[in-house]
Amino acid sequence: MNEKKRVVHLTTVHHPHDPRIYHKECKSLKKAGFDVYLIAKETETGIDRESGIKHIPIKDYKSRWERMTKGAWTLYKQAKKLKADVYHFHDPELLPVAWLLKNRRNHVIYDIHEDYITSMLQKEYLPKPLRKFAAKAYKKMEQFFTKKMERILAEKYYKDIYPDGECVLNYPMVNTAFIKHQRKGKIEDKLIYTGNVTDVRGAFLHAKLPLIDEKITMNYIGKCSTEFADEIYHIAGSQSDRIQINGVNQYIPKEEIEQAYLKHNWLAGVAIFPETEHYMKKELTKFFEYMNAGIPIICSNFPVWKHFINQYRCGITVDPHNDQEIKDALDYLRNHPDAAKQMGENGKKAVQEQLNWRAEEEKLIAIYQRLGNK
């Protein structure tokens with residue numbers, strides 16, 4: 001039955017190699033027997049043909065407005081030609097496109113990666129009344145466009161906002177290279193952060209780490225604008241030579257990030273974020289990635305994060321604005337290598353046994369099979 005089911009994933013925002021969209025969802029659906037297409041922006045390397053997933057490239061507009069208009073219209077025309085059984089889209093700006101694609105003969109899935117409503121309330125460049133208006137307007141628009149759509153949620157707490165949504169959590173795929181890899185020898189005075197580099201994701205707090213601890217080298221691996229990179233170096237000041245940024249104005253593929261985890265005997269993976277309602281409730285994807293690689297975590301002591309770290313005994317939580325507390329955490333891992341190694345092993349075990357994509361893959365396939373039986 002599945003052999004004839006055509007699935008089209010849609011995004012104008014995400015890279016075609018996005019871990020959740022391509023490596024997890026598209027590959028899992030292809031393995032389950034679906035005919036899988038991915039309409040996403042063009043890229044130099046394209047998608048591996050051996051995967052069997054068909055990539056339809058669309059122009060990568062640098063202007064957000066052009067992406068939301070010209071890019072969305074191009075995507076719509078390409079998607080409509082395919083006459084899919086299921087359209088699965090990943091960007092809120094594609095809500096009108098997905099609404100136009102919906103008909104009585106197909107299903108449309110809205111894959112909610114972020115809490116966009118809370119995120120809008122935190123846009124500091126907008127006056128507070130305008131933020132509230134934008135959040136309310138978006139919520140009304142979303143409700144209108146998604147009345148006849150299915151919702152998949154990438155995070156547990158999104159159920160509070162979308163009680164009818166189904167969670168397919170963004171847990172990592174178990175990496176065999178990580179299973180074999182053992183932390184041996186002296187722990188290096190190196191910290192790693194992976195993912196997009198922004199202020200709300202702790203970029204500027206992480207830039208202070210070489211000033212807090214004179215031995216530390218801070219390594220960012222993820223897309224970072226030139227402006228952010230300059231600001232990070234400025235904050236580090238006299239210690240800017242101990243800042244390494246891999247990803248200035250470029251996307252870093254999943255495979256390259258995984259190689260980076262194995263490259264050094266990292267002291268810790270960091271996620272020292274400032275307080276924002278958007279992130280305080282989330283279990284960060286990077287937690288699972290650090291754990292997958294057997295690296296201890298140092299992160300902010302938000303209640304949800306503290307509970308998570310304590311539950312899996314995989315790191316240390318700190319007040320993001322208390323330099324001494326951060327220094328004490330770094331010293332503890334440095335001076336107690338056996339304890340640091342055990343934290344890494346605890347995290348790795350939790351991912352291998354519980355917090356991995358296998359169970360989420362089953363949920364995804366079950367959703368698709370249920371839709372196919374409707």
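Residue numbers for the sequence shown follow the UniProt record's numbering, beginning at 1 and rising by one. Every residue gets a Cβ at the ideal spot worked out from N, C-alpha and C, and that includes glycine. For clarity, every value in this text was computed on a predicted model and none was experimentally measured.
Enclosing alpha helix (DSSP H) for residue i [first to last residue]
i, result
"Tyr-261", "254 to 263"
"Glu-345", "337 to 353"
"Leu-101", "95 to 101"
"Leu-211", "209 to 212"
"Glu-289", "285 to 292"
"Tyr-138", "128 to 145"
"Tyr-76", "72 to 82"
"Ile-216", "That residue, Ile-216, is in no alpha helix (DSSP H); it is neither H nor E in DSSP."
"Lys-180", "176 to 180"
Candidates the options: closest to residue i by CA position
i, options, result
"Val-174", "Gly-165, Ala-137, Glu-289, Lys-4", "Glu-289"
"residue 375", "Asp-18, Arg-6, Ser-28, Ile-47", "Beyond the ends of the chain as shown, which are 1 and 374, falls residue 375; an answer cannot be given."
"residue 390", "Arg-131, Leu-267, Phe-302", "Past the boundaries of the shown model lies residue 390; the chain is included only from 1 to 374, so the question cannot be answered."
"Glu-214", "Pro-96, Arg-334, Gly-165", "Arg-334"
"His-181", "Lys-148, Lys-263, Lys-70", "Lys-263"
"Ala-72", "Lys-83, Cys-299, Ile-245, Lys-59", "Lys-59"
"residue 384", "Tyr-87, Arg-201, Glu-166, Ile-252", "Because the chain is modelled from 1 through 374, residue 384 falls outside the range shown and cannot be assessed."
"Thr-11", "Glu-93, Tyr-261, Arg-49", "Glu-93"
"Lys-363", "Pro-57, Ala-154, Lys-80", "Ala-154"
"Thr-276", "Ala-366, Asp-48, Arg-201", "Arg-201"
"Asn-346", "Asp-164, Pro-296, Ser-28", "Pro-296"
"Arg-67", "Val-13, Pro-163, His-234", "Val-13"
"Met-149", "Pro-127, Gly-185, Pro-320, Trp-99", "Trp-99"
"Tyr-162", "Leu-169, Ile-112, Tyr-261", "Ile-112"
"Glu-114", "Phe-145, Cys-167, Tyr-22", "Cys-167"
Residues bridged to residue i [DSSP beta-bridge criterion]
i, result
"Cys-224", "Val-248"
"Ser-119", "In DSSP, Ser-119 forms no bridge with anything."
"Val-197", "Val-197 pairs with nothing; no bridge assigned."
"Met-280", "Note: Met-280 sits in no beta bridge, so no partner."
"Tyr-110", "Phe-89, Arg-151"
"Ile-298", "Val-270, Ile-316"
"Glu-166", "Ile-152"
"Asp-35", "Arg-6"
"Lys-190", "Thr-217"
"Ala-40", "Pro-57"
"Ile-243", "Met-218"
Sequence-distant residues of the same chain with beta carbon closer than 7 Å to residue i, five excluded per side
i, result
"Arg-183", "Asn-265, Gly-294, Lys-341, Gly-344"
"Ala-135", "Ile-117, Met-120, Leu-121"
"Gln-354", "none"
"Lys-70", "Tyr-61"
"Trp-305", "Cys-299, Thr-317"
"Glu-42", "Pro-57, Ile-58, Lys-59, Asp-60"
Neighbour-count burial assignment, residue i, 16 or more Cβ in a 10 Å radius
i, result
"Ile-232", "buried"
"Asn-373", "exposed"
"Lys-24", "buried"
"Ser-238", "exposed"
"Asp-18", "buried"
"Lys-77", "exposed"
"Ala-137", "exposed"
"Thr-317", "buried"
"Phe-257", "The residue you asked about is not Phe; residue 257 is Ile in the sequence shown. Per the 10 Å Cβ criterion, buried."
"Met-141", "exposed"
"Ile-326", "buried"
"Gly-315", "buried"
"residue 445", "A query on residue 445 cannot be resolved here, the shown segment of the chain reaching from 1 to 374 and no further."
"Phe-178", "buried"
"Glu-360", "buried"
"Leu-191", "buried"
"Pro-320", "buried"
"Leu-95", "buried"
"Ser-63", "exposed"
First through last residue of the beta strand (DSSP E) which encompasses residue i
i, result
"Arg-6", "6 to 10"
"Gly-372", "That residue, Gly-372, is in no beta strand (DSSP E); its alpha helix (DSSP H) goes 357 to 373."
"Lys-30", "Premise fails: Lys-30 lies in the alpha helix (DSSP H), 27 to 31, not in any beta strand (DSSP E)."
"Phe-89", "86 to 89"
"Lys-54", "54 to 58"
Cβ shell of residue i (< 8 Å), same chain only, five flanking positions each side left out
i, result
"Ala-236", "Ala-207, Lys-208, Pro-210, Leu-211, Met-218, Arg-242, Ile-243"
"Val-248", "Cys-224, Ser-225, Thr-226, Ala-229"
"Lys-102", "Tyr-87, Val-108, Lys-148, Met-149"
Other residues of its chain near residue i: CB distance less than 6 Å, five sequence neighbours each side excluded
i, result
"Tyr-157", "Lys-281"
"Tyr-193", "His-206, Tyr-220, Val-270"
"Gln-324", "none"
"Val-197", "Ala-203, Tyr-220, Gly-222, Cys-224, Phe-228"
"Gly-195", "Gly-222, Lys-286"
"Leu-371", "His-107"
"Arg-358", "none"
"Val-8", "Tyr-37, Ala-79, Leu-82, Ala-84, Tyr-87"
"Asn-246", "Ile-221"
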